[in-house]
Each structure stands twice: as structure tokens, then as C-alpha cells.
Amino acid sequence: MTTFINGRFLTQTTSGVQRFAREVVIALDKRLAENPTADEWVLLTPEGTTERLPLRAITQRAAGRSSGHVWEQTNLYQAARHGRLINLGNSGPVLHSRAVTVVHDAMIFRTPENFSRKYRLVHGLLGRLLARRGKIATVSEFSKRELESAFGTKDVAVVSNSCEHMAAVVRDDTVVSRLGLADEPYLLFVGSRTWTLSG
43 MTTFINGRFL
53 TQTTSGVQRF
63 AREVVIALDK
73 RLAENPTADE
83 WVLLTPEGTT
93 ERLPLRAITQ
103 RAAGRSSGHV
113 WEQTNLYQAA
123 RHGRLINLGN
133 SGPVLHSRAV
143 TVVHDAMIFR
153 TPENFSRKYR
163 LVHGLLGRLL
173 ARRGKIATVS
183 EFSKRELESA
193 FGTKDVAVVS
203 NSCEHMAAVV
213 RDDTVVSRLG
223 LADEPYLLFV
233 GSRTWTLSG
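Residues 43 to 241 in this note's numbering are what the sequence shown lists, from first letter to last.
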């Protein structure tokens with residue numbers, strides 16, 4: 043049987059969700075290259091996706107001209123309907139019954155004031171439908187409890203975050219002094235630049 047991976051993350055601005063997806067696919071590809079199986083693995087992306095991952099065992103293939111949620115619900119579903127599907131970035135086609143979707147947190151349910159009404163409606167409904175139709179996974183025990191409460195389920199799996207990709211980062215001992223923080227107390231925030239303090 044073919045296992046498909048939702049590659050929509052390759053069309054999005056990189057934040058933690060997209061980095062998680064890239065690193066999981068690259069690590070999975072490495073494992074499959076070292077331990078080949080008879081199953082086919084395919085990373086599906088919208089046509090026109092320019093980023094290509096350095097893959098040896100997983101095939102990257104374009105499927106359909108749509109984009110965003112429309113692509114997931116139509117083109118991705120059509121291309122992956124006869125196999126298994128892995129969604130690593132919070133969403134996927136709701137009609138696919140053999141899918142695992144990684145939902146990274148329950149923020150739209152716990153802090154709805156931080157999201158637009160439209161965003162809350164779309165992602166809240168999408169998450170609930172995906173939880174009913176397929177399998178949900180998340181990245182921590184805390185998020186597991188939050189999502190099980192939000193979705194009314196007790197079977198969310200945990201696929202923990204990791205930090206192996208940090209081994210490729212070159213250490214810069216001058217960053218604190220370059221930012222003028224050498225003699226000042228400071229707070230390190232690891233997150234997206236899109237995060238804002240409201241209120």
C-alpha cells in the first residue's frame with residue numbers, strides 16, 4: 043500500500059509547524075533509505091511548489107493546481123484516497139478515513155481571542171471532523187490532554203518534538219554582545235515573529 047504525506051507545508055512560511063513537518067519527512071526518508079520496504083512513500087504537493095526536499099526513498103510528486111485548504115480537500119484527497127495519508131501540519135482532507143493528522147496545539151479552543159472568527163470556525167470544525175474521521179496525533183502530553191478535552195476523544199497519540207536539526211546550526215558566541223545584552227538581563231523567546239502580545 044502507498045503511504046502519502048501531505049506536503050502543503052512546503053508552500054507555507056516556515057514556523058514551528060512547517061519545521062516539524064520538514065524534519066519528520068527528512069528523518070523518515072533517511073530511515074526508509076537505510077531500511078527499504080515494499081511500500082511506496084510519496085510526498086504530495088500542489089503543482090508549482092518550488093521547494094524540493096533532499097529525499098532518497100520518498101518520492102515528491104505534484105498533485106493538482108489548487109492551493110491551501112481547497113487543495114487539501116480536493117486535489118490531495120483525490121490523489122491519496124487509495125492509500126494511507128499523513129498530515130503533519132494541523133489539517134488535511136476530512137473525507138480521508140485512513141489518515142493521521144498532527145494537530146500541534148489546542149490554542150484556538152483555549153485562547154480563541156487570539157484568532158479571527160473565520161479562522162476559529164474553519165480550524166475548529168476541521169479539527170473536530172479530522173478527529174472523528176481519522177487519527178489525531180500531537181507533539182506533547184500537555185497538547186494531548188488539551189486536544190482530547192477539546193475533541194471529546196481519548197485516543198490522541200504523541201509524536202514528540204525533537205532537536206536533532208539544531209546539530210547543523212553553527213554556534214555564534216557573539217550574538218549576546220552584538221545585541222547589546224552582555225551586561226543586561228534578558229528573556230529568550232523561542233517562537234514565531236508573527237506572535238504578538240495582545241491586550
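We put the beta carbon where it would ideally sit given N, CA and C, even for glycine. Every value quoted in this text rests on a predicted model; they were computed, and no experiment measured them.
Point to revise | DSSP-derived helix/strand/coil call for Phe51 | key: Taking the sequence shown and counting its residues from 1, the one referred to as residue 51 is at position 9. For Phe51, the secondary structure class from DSSP, reduced to helix, strand or coil, is helix.
Check your understanding: Per DSSP, what kind of secondary structure is Glu226 in: helix, strand or coil?
Key -> Indexing the sequence shown from 1 puts residue 226 at position 184. Of the three classes helix, strand and coil, the one that applies to Glu226 here is coil, per DSSP.
Review point. How many Å lie between Lys160 and Cys205 at the Cα?
Key: Numbered from 1 along the sequence shown, position 118 holds the residue referred to as residue 160. Numbered from 1 along the sequence shown, position 163 holds the residue referred to as residue 205. Annotation: Lys160 to Cys205 spans about 33 Å, alpha carbon to alpha carbon.
Check your understanding: What residues in its chain sit with their C-beta under 7 Å from that of Val201, if we drop five residues either side in the sequence?
Key -> The count along the sequence shown starts at 1 and reaches residue 201 at position 159. The beta carbon of Val201 sits closer than 7 Å to the beta carbons of Val144, Ala179 and Val181 from its chain, once the five residues preceding and following it are set aside; these are given in chain order.
Exercise for review: Taking Gln60 as part of the alpha helix (DSSP H), name the residues at either end of that continuous run.
Suggested key: As a position in the sequence shown, residue 60 is number 18, starting the count at 1. Residues Gly58 to Glu76.
Check your understanding: Hey, how far is the Cα of Gln60 from the Cα of Ile68?
Key -> By 1-based counting over the sequence shown, the position of residue 60 is 18. By 1-based counting over the sequence shown, the position of residue 68 is 26. When the Cα atoms are used, Gln60 and Ile68 turn out to be separated by approximately 12 Å.
Point to revise | Unbroken alpha helix (DSSP H) run spanning Glu190, endpoints | key: Within the sequence shown, the letter at position 148 stands for residue 190. Looking at the DSSP string, the run of the alpha helix (DSSP H) that includes Glu190 is Glu183 to Phe193.
Point to revise | C-beta contact flag for Ala99 and Glu89 at 8 Å | key: In the sequence shown, residue 99 corresponds to position 57, counting from 1. In the sequence shown, residue 89 corresponds to position 47, counting from 1. Going by C-beta atoms, Ala99 is not nearer than 8 Å to Glu89.
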